[in-house]
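Top line first, the protein sequences correspond to chains A and B.
Positions 5 to 115 (the working numbering) are the ones given, in order, by the first sequence.
Positions 562 to 1374 (the working numbering) are the ones given, in order, by the second sequence.
These notes are about the structure you will find just below.
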Amino acid sequence: MTEWIDIGSLDDVPVRGSRVIRSAIGCVAVFRTAADEVFALEDRCPHKGGPLSDGIVHGRSVTCPLHNMVISLETGLAQGADEGEVKTFKVRVEGGRLLVDRSLARRVEAA
Amino acid sequence: MRRKLVVIGAGMASGRVLEDLIGADRDAYEITLFGAEPRGNYNRIMLSPVLSGEKTYEEIVTHDGDWYANNRVVCRFGEKVETIDRSRKVVVTDNGETPYDKLLIATGSQPFIIPIPGKDLDGVLSYRDLDDVNAMLMAAERPGAKAVVIGGGLLGLEAAAGLKARGMEVTVLHLMPTLMERQLDPAAGYLLQKALEGRDIAVHCKANTHEIVGTDRVEAVRLDDGTEIPADIVVMAVGIRPDKTLAEAAGLAVGRGVHVDDAMVTSDADILAVGECVEHRDMCYGLVAPLYDMAKVAARTLLGEAAAYEGSVTSTKLKVTGIDLFSAGDFADRDGREEIVFRDATRGVYKRLVLEDNRIVGIVMYGDTADGTWFFGQLKDGSDISEMRDTLIFGPAYAGGSPLDPMAAVAALPDEAEICGCNGICKSRIVTAISGGATSLDAVRAETKASSSCGTCTGLVEQLLAVTLGDSYEQQAARPVCGCTDLTHEDVRRLIKARALKSMPAVMQECGWKTSCGCHVCRPALNYYLLSDWPGEYVDDPQSRFVNERNHANIQKDGTFSVVPRMWGGITNPRELRAIADAAERYGVPTVKVTGGQRIDLLGVRKEDLPAIWADLNDAGLVSGHAYAKGLRTVKTCVGTDHCRFGTQDSTGLGIAIEKRMWGAWTPHKVKMAVSGCPRNCAESTCKDVGVICVDSGFEIGVAGAAGMDLKETEPLTKAATEAETLEIICAFVQLYRENAKYLDRPYKWVAKVGLDWVRERVVEDLESRAALVARFDFSQQVFQHDPWAERARAEPARQFRPLADLTMEAAE
Ligand code: SRM
Ligand SMILES: Cc1cc2nc3c(=O)[nH]c(=O)nc-3n(C[C@H](O)[C@H](O)[C@H](O)COP(=O)(O)OP(=O)(O)OC[C@H]3O[C@@H](n4cnc5c(N)ncnc54)[C@H](O)[C@@H]3O)c2cc1C
Ligand code: SF4
Ligand code: FES
């Protein structure tokens, strides 16, 4: 079962915007859509590593700030003719608080 | 002996349980009904028509004294149940104990009161029961009385409309950017706001209430931004909380509400609960339809029959006469979802269906909701709509009607809407000319002068030809802004002005946008147009700006940023240089470079360090150089008469004066300028957007040069005698460019479209026009000329640049 960890208030993330969290596996971007839904994705564009958290959020997509690749917030897949995929993570809102999967806080020892 | 049923709460949910129960078996129970309100059950949702005067209280009573008597229900109205003693199976009131075999909790919910100073003052009301309505009616009796309604949801707006109908002056304060945001998308929210404002109800969105002011009773409401709105009453309608107090004190399982299973039984087998006070499968409801479903099940459970409630899909309507809206389901965008949007700007209609796997999952409708129930039926049934997808939006009655009309926005323009701004020609004038035989663009131009000057309204004139002449007119294909619309940039700009559209949802609705909230191509353009046309009224939307303008720095390929402080006219001094050097060291800036624009670039700054480095630079008097902006970049200068043996004028001084007047102004694309002290042109003035060459007799002003992807020499605009005149002409030129150019057209591209003569007439020859342009420029500078760095170096906005959380610290614990 997922163990959740509180990372802050939903209101800290602008509507149609994003904030970054530093995690054990690198930077993760938490997005908030116009409909107040939240998504968490690795903050690295599959094209050339652009910070997706700085892109324009529209519908359930974000446009990468570097070269305009459009990424689905839901699946992490590049849209249209582009190819590529970004890792997605579990995030949810409860009582106005943002919760993510606790495993993001655990350092995974290299095998 | 009949078993004893005690019911707590004489509201809509328990009322329906009693009807179902008694209807099925009149003798099953001996029923005692407690109600805290001093009256029996009435149709609570009809309080709004009572408030507005469209109904009387008597008309909304659902169960009167006769009904209770005939059905042998013992009524204990005005008597509140204080506790439930589960071990002895009794409920306790001030009048003593009442035993039960079965207990039904139906306590509804409590209005939520925001915990702000003044919330307990006299005149602060909630909107829940008849007493609240009576208190509002009393306040409305005084002529000129003012009401402030906090909360722009269903309840708040019904209260507002009702109070207005009773003659009060009404203001609605809503925290979110659009009204009823949980039921409506921004497009529908915009139409709703427009309709309310049309009834003279003031609506403030994004309004955060700070405190309610008053000594004994309410006098005013103060917002976070200091605004004070006078009020005789304040109605708080910001939400409801399930009333679970009794159940919780009795030790029943509760969450947000009283926990029940599918049979509506709580964690105690002899206690049932229904209505707004329950939580069922993680859901709490605030509408009656689900409560009725629950009631049916509760009645059968009480009769010992097996029945299960499985949750409800709800739909919302607003009960304000003359305002039609409908919403249901989940209408958020999502992968694999498609939307069908229909907008009719003439009639103020907006309909949006959200589809997933060929099924309707969300509905938002405004203006024409006749088909709402039919769509809702399709949604609940999960019907496959692929067969009728093309005509679905027209509803069940569709019988070969016309397809979506790309010209609807133009057809919808009122007769007096100005189409050609240059010549002041309105729609009716053009339509009359077309009807009178001017059936080509040239003929319209000859007859009316419309589109004969700068030509940016050509698209609209052509659309009018097409609308008026129908199929017989063949329009040239123009490039629309993006896939969200069929209109060109020029058309949209013109419509924004002609119809005074002042918000993004307004533009999208009135121009018939095909998507509900735009995309990364149209949103930055619309944000610019609105900002430029309505300075002081439109509020900038950072989320519709590209990364650099949102972060006030240029993003680098590795996600770091560059920082370029302004150096007025390329002049600096040891103090500034020292501050730049210190900042470079303190923040470990990897590259310090002199730019092609006569200033210094600090490259490779981490995003979270931006506010701090800005604060340090601010301390030395350095402000943002807007090296990231569609706005004024640099004014390059040469040394001029200050030092140079050939200098004819103070080119450095003029360059600095221009930069000080111009900085901070948003423009369709970036704007670069230069001032050279003599025709040797050391500041490269002849390839700038605006370039000045000083000569003995004054200043030669050239415009529309380019040295980027295209290379082009400036064209001479005019010659001015004094510095002051030069400045005025440049301001007027930039303002004309701001007001008319297409987003992302540099001045040279725009001038090529409208012609230099057209520009010269307005900026140089017509002095009245020049003065007006300068006045508008200066007004907008009052709004926009402030250092964005200084604003964001402060604690609160600065937080946005830092990570929300650092979980790597968590791991170390
Ligand atoms: C820093 C600088 C280069 C330098 O090291 O000197 C520079 C850097 C960039 N230029 Fe430039 N331009 C710089 C002077 C110029 C000049 C020369 C000048 O201003 O005198 C030109 C030619 C004149 C002109 O503007 O047309 C120039 C023409 C461009 C263009 C092409 C514009 C065009 O309309 O053709 C772009 C692309 C754009 O703006 O769309 C561009 C875009 C860019 C961007 C912002 C690219 C981007 O979007 O990320 C570069 C940011 C680099 C970074 O990571 O910070 N840069 N760029 C110069 C900053 C000047 C300043 O102090 O503000
Ligand atoms: C102005 C207004 C407009 C509305 N419009 C709509 C609409 O258009 N559509 C829609 O679907 N819904 C609407 N609603 C919501 C709808 O009225 C409620 O969902 C419904 O009334 C809830 O029914 P209920 O029986 O759970 O609670 P209620 O009807 O609130 O009944 C609960 C009763 O329990 C009593 N009570 C509480 N505690 C005790 C106690 N300890 N002892 C004794 N009695 C107690 C309360 O006094 C109250 O009378 C509206 C509500 C309001 C206020
Ligand atoms: S010329 Fe300008 S845009 Fe091109 S690499 Fe150099 S700085 Fe970047
Ligand atoms: S890095 Fe994202 S599009 Fe190039």
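Beta carbons: idealized from backbone N, C-alpha and C, even for Gly.
Here's the rule: buried if 16 or more other CB atoms are within 10 angstroms of the residue's CB, otherwise exposed. What is Lys805/B? buried
Segment limits, beta strand (DSSP E) that includes Glu25/A: Looking at the sequence shown, residue 25/A is not Glu but Ile. 21–27 is the span of the beta strand (DSSP E), which, as asked, contains Ile25/A.
Extent of the continuous beta strand (DSSP E) to which Phe638/B belongs: 634–638
Considering only the beta carbon of each residue, do Ile569/B and Val652/B sit closer than 8 Å? yes
Determine which residues share a DSSP beta bridge with Lys1303/B and list them. Answer by DSSP bridge pairing: none, since Lys1303/B is not bridged.
Just to confirm before moving on: does the CB-CB distance between Gly88/A and Pro50/A stay below 8 Å? yes
Mapping DSSP to helix, strand and coil, what is Asp15/A? In the structure shown, Asp15/A adopts helical secondary structure according to DSSP, grouped into three states.
First and last residue of the uninterrupted alpha helix (DSSP H) at Cys1083/B: 1083–1094
What do you reckon, are the CB atoms on Ala597/B and Ala720/B nearer than 8 Å? Cβ atoms of Ala597/B and Ala720/B: not closer than 8 Å.
Using only CA atoms, which one of Glu772/B, Cys636/B, Asn631/B, Leu691/B lies nearest to Pro676/B? Glu772/B
Which residues mark the beginning and the end of the alpha helix (DSSP H) in which Thr593/B is found? Note, Thr593/B: premise wrong, no alpha helix (DSSP H); beta strand (DSSP E) at 590–596.
Does the distance from the CB of Val1253/B to the CB of Phe1294/B come in under 8 Å? no
Just to confirm my understanding: we take Gly80/A, look at its own chain, exclude 5 residues before and 5 after, and list those with CB closer than 7 Å. What are they? Leu45, Glu89, Val90, Lys91, Thr92
Closer than 8 Å, CB to CB, is Arg96/A near chain B or not? No, Arg96/A does not count as interfacial toward chain B.
Taking just the CA atoms, how far does Glu1110/B sit from Val1150/B? 21 Å
Are there any heavy atoms of ligand 2 lying less than 7 Å away from the beta-carbon of Asp804/B, as far as the coordinates show? yes
Residues that Arg1084/B contacts on chain A, provided the C-beta gap is smaller than 8 Å: Ile60, His62
What is the rounded straight-line gap between the Cα of Met699/B and the Cα of Ala1086/B? 50 Å
Report yes if the C-beta of His1081/B is less than 7 Å from at least one heavy atom of ligand 4; otherwise report no. No, Cβ of His1081/B sits at least 7 Å from all heavy atoms of ligand 4.
Residues of chain A with CB under 9 Å from Lys1118/B, in chain order? One finds Lys52, Gly53, Gly54, Leu70 in chain A with Cβ atoms closer than 9 Å to the Cβ of Lys1118/B, taken in chain order.
The beta strand (DSSP E) spanning Met1223/B covers which residue range? First-last for Met1223/B: 1212–1223, but that is the alpha helix (DSSP H), not the beta strand (DSSP E).
Tell me whether Leu852/B, by its Cβ, gets closer than 7 Å to a heavy atom of ligand 2. yes
What separation, rounded to the nearest whole angstrom, lies between the Cα atoms of Asp1306/B and Ile11/A? Taking the straight line from one Cα to the other gives about 43 Å.
Who are the near neighbours of Arg1451/B in its chain, counting only those whose CB is closer than 6 Å to its CB and skipping five residues on each side? Residue 1451/B lies beyond the stretch modelled for chain B, which goes from 562 to 1374, so this question has no answer here.
Please list, following the chain, all residues that have a C-beta closer than 7 Å to any non-hydrogen atom of ligand 4. Cys49/A, His51/A, Lys52/A, Gly53/A, Gly54/A, Cys68/A, Leu70/A, His71/A, Asn72/A, Met73/A
To the nearest angstrom, how far is it from the Cα of Asp693/B to the Cα of Leu1092/B? 42 Å
How would you list, in chain order, the residues of chain B whose beta-carbon sits under 8 Å from the beta-carbon of Asp16/A? Arg1360, Leu1365
Using a Cβ-based criterion (distance less than 7 Å to any ligand heavy atom), does Leu538/B qualify as near ligand 2? The structure shown does not extend to residue 538/B, since chain B spans only 562 to 1374, so no value can be given for it.
Assign Phe887/B to one of three DSSP states: helix, strand, or coil. Looking at Phe887/B - three-state DSSP - the assignment turns out to be strand.
Should Met844/B be labelled buried (16 or more other beta-carbon atoms within 10 Å of its own) or exposed? Exposed, because fewer than 16 other Cβ atoms sit within 10 Å of the Cβ of Met844/B.
Measure the C-alpha to C-alpha separation of Val1312/B and Cys1018/B and round it to an integer number of angstroms. 15 Å
Just confirm the distance between the C-beta atoms of Ile946/B and Arg913/B, as a whole number of angstroms; I'd bet it's less than 8 Å. With a Cβ gap of about 15 Å, Ile946/B and Arg913/B do not count as contacting.
By the 10 Å Cβ neighbour count, where 16 or more other Cβ atoms means buried, how is Met519/B classified, buried or exposed? Residue 519/B is absent from the structure shown; chain B starts at 562 and stops at 1374.
Taking 7 Å as the cut-off, is the C-beta of Lys880/B nearer than that to any heavy atom in ligand 2? Yes, Cβ of Lys880/B sits closer than 7 Å to a heavy atom of ligand 2.
Hey, Thr1213/B and Gly1130/B are a contact pair by Cβ (cut 8 Å); roughly how many whole angstroms apart? 5 Å
Burial state of Asp1271/B (16 or more Cβ within 10 Å): exposed
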